[in-house]
Structures are given as structure tokens and as C-alpha cells.
Amino acid sequence: MTAVARRGGERAAPRPRWWGGVVDHLVLLKPRVMSLVVFTGAVGFALAPAPFDWLKFLAAMSAIAAGAGACGALNMWWDADIDANMARTAMRPIPRGVVPPLEALAIGVLLAIVSVAALAVKVNGLSAALLALTIAIYVPLYTMVLKRWTPLNIVIGGAAGALPPVIGWAAATNSLSAGPIAMFLITFLWTPPHFWALALCRSGDYERVGVPMLPNVVGPAATCRQIVIYSALLIPASFGPLLIPGIGLVYGATAAAADAVLLWRALALYRLREAEESARRKAAMALFGFSILYLFVLFAAMLAEAMLRARV
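Note that the sequence shown covers residues 352 to 663 in my numbering.
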């Protein structure tokens, strides 16, 4: 439509200024990360052995979304100095000057407090405590300390991204068991190969800003080896949800197929560990892209089988 308008001599109407501000503030909350966090939290809630309560579900998912948004805003506030010098993050709202740093800080703090308090009041204390732990791991521990201090930053900090299904389960049952721990382990072990594959392609950015991501500290060959190790550890962990009542053959077959593709891509990257950078980057991005699909497919398979069995 824009092309037709230009050929016709017409100028495309600019976006309203207020709309641009709304988009910038939404980007501050990292909506893509938030959507995955809410999805895994929803699966944890749905699989929990408790009657499904829609009001409790909506309250829990809203609080998880707000908590994820708080983490995104506070991460961008703290990392504004390095974001401005990295190609991947230079267009974030704070480096572009469209959201003031203190405003991002205020939004993040407010969302963190409201999300935890709302979950405690509307759902239960256990899920609220787990959400508070998630925010504490991601912001003070990972963002403010580990990220600029150790190449194991993403291994330890990955616990924050692995907790949403545990929060969802706790919101539904006010208890924990082997089921949510199994879901936690999947995301926890998935996080390092997922981020290290991206780091292999962005090592120049990380080196320029002084962030000790694994490829910059131990080199690409050792990073590729670690990716294979964590991918191999992920395979047995991916079958942990079979401990959850209602999860069986459909999920098991899906996990086995996804594991095979993930390991194949990890090994393909490992074979190129000493190859020229362009070939290694291509394999790393292929692994990174599939890893996103991998996590979604596993949690979607859990949810689909549980829903299918509930109808039978």
C-alpha cells in the first residue's frame, strides 16, 4: 500500500506521536520475552493437579507478565550504557533517547512491587515469593552483578527464566512437586546453548562493551563444546514432564523429535568450531533460531496432550 501511495504521488501518513510513545514503552518491557514467560507460566498453571480457576489464572498471568515487564525495564535501565554501544541493542528506547532512564527505573520498580503484591493478595503467598525470587535473580544478581563479572552469567541467571512454570503451578495449587521442577530443568538447561549460540554471532559487541560472554573468554571452540554438553544434558531433562499425570506418548514423541534436531544442530556447529567465522556464524544462528522453536514446541506439546486427555 505504501508503494502504491508513493507511485501516486501521495505521502504516507506518519504515525501519531502518542502511538510512537506507546510502542517505545512496550519495547521497554521486552514483549517477546514476556510472551514466552507468560506462555510457560500458563502451561505450568494448566498442568497443575487442581480445578482450573479462570479468575485465579488471569490474575496469575497478569502478575507474571508485569513481573517480566519489570525485569525488562530494569535490565534496560541498568544496561543503558552498554546497550548504546552494541549493534543488537542500540535501538532500544533508552539509548535512542525516547524513554528517560529514570522513567524506565520508575516503571520497573512499580511493576515489580505491584506484580508481587497482586499475586500475594489475589492468588497465594508461595507464587508471590517465587515471582519475587525471579525478579531478584534477574535484576540484582544477573543484570547488576553476574553479567559483567563472570562468563557463567547466563547459566546462573537462567534460573530466572526457568521459574515461570513453577510460579504457574504454585499459583494453581499453592504447592510444589516433581512436575514443576521438571519444567524448570528444561528451561534452565536450554538457556545456555540458546544464548551462547547468539553470543557466538555477537562476540564483537560483547567484547567492545566488556561483557564476559563465554565466546570472548574461552573462545569459539570451547563455547561450541559447552553448547553440545548442555544440549546433551537437556535431552534426559526433556523427558522429566512424563512424571506429570496426563503427559505421555504424544509429548514423549514430540520431545524425542525436537531433541534429535537440537542435538544435530549443536553437533553441526561443533564440527565448524575451527572453521571460518562466516560458516560458524551461520550454524550458530540456525541453532539459535531452532532453540526458540524447541522450547515452544515442548511446552505446547505438554499443554496439548493434557487438554486432549482431559476431554477423553
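Even for Gly, the Cβ is constructed at its ideal location relative to N, Cα and C. All values derive from a computational prediction rather than experimental measurement.
Closer than 8 Å by C-beta to D404: which residues in its own chain qualify, once you throw out the five before and the five after it? Chain order, please. A523
Rounded C-alpha distance that separates L594 from F390: 20 Å
Grouping DSSP H, G and I as helix and E and B as strand, with all else coil, what is G360? Its pLDDT being 40, under 50, G360 is placed unreliably by the model, and the measurement read from it follows with that caveat. G360: coil per DSSP, three-state reduction.
Let me know the secondary structure DSSP gives G570 once reduced to three states. Three-state DSSP puts G570 in coil, outside helix and strand.
So, for L646: in the same chain, excluding its five sequence neighbours on each side, which residues have a beta-carbon less than 6 Å away from its beta-carbon? Short of 6 Å from the beta carbon of L646, and not among the five residues preceding or following it, lie these beta carbons of its own chain, in chain order: W541.
For a minimum of 4 consecutive residues, which ranges assigned as the alpha helix (DSSP H) are wholly contained in the segment 463-512? 476-487
Backbone secondary structure at I580 - three-state DSSP: helix
Let me check understanding here. Comparing Cα to Cα, which of L551, Y489 and P382 lies closest to F639? L551
Is the number of C-beta pairs between the segment 427-447 and the segment 386-401 that are closer than 8 Å three or more? no
Buried or exposed, going by whether 16 or more other CB atoms sit within 10 Å of the CB of M534? buried
Pick out whichever of W547, G591 and F590 has its Cα sitting closest to the Cα of G570. W547
Please report the Cβ distance between I578 and P544, rounded to the nearest whole angstrom; I am assuming they are in contact, meaning their Cβ atoms lie under 8 Å. So it is a contact: roughly 4 Å between Cβ atoms.
What's the call for R553, buried or exposed, on a 16-neighbour Cβ count within 10 Å? buried
L380, buried or exposed, once every other Cβ within 10 Å from all chains shown has been counted against 16: buried
Decide yes or no for the touch test of the segment 412-429 against the segment 463-473: beta carbon pairs closer than 8 Å, at least 3 of them. yes
Tell me whether the beta-carbon of L527 lies closer than 8 Å to the beta-carbon of S589. no
Am I right that A635 and L620 are in contact with their C-beta atoms under 8 Å? What's the rounded C-beta distance? 6 Å
Take the Cβ of G519 as the centre, count every other Cβ of all protein chains shown within 10 Å, and call the residue buried at 16 or more, exposed below. buried
So, F641 versus R622, is the Cβ gap smaller than 8 Å? no
What did DSSP end up calling F408 once you bin it into helix, strand or coil? helix
Does the Cβ of V373 have 16 or more other Cβ atoms within 10 Å, making it buried, or fewer, making it exposed? exposed
Checking 8 Å against the spacing of the C-beta atoms, do G561 and R499 come in under that value? In contact: G561 and R499 (Cβ atoms closer than 8 Å).
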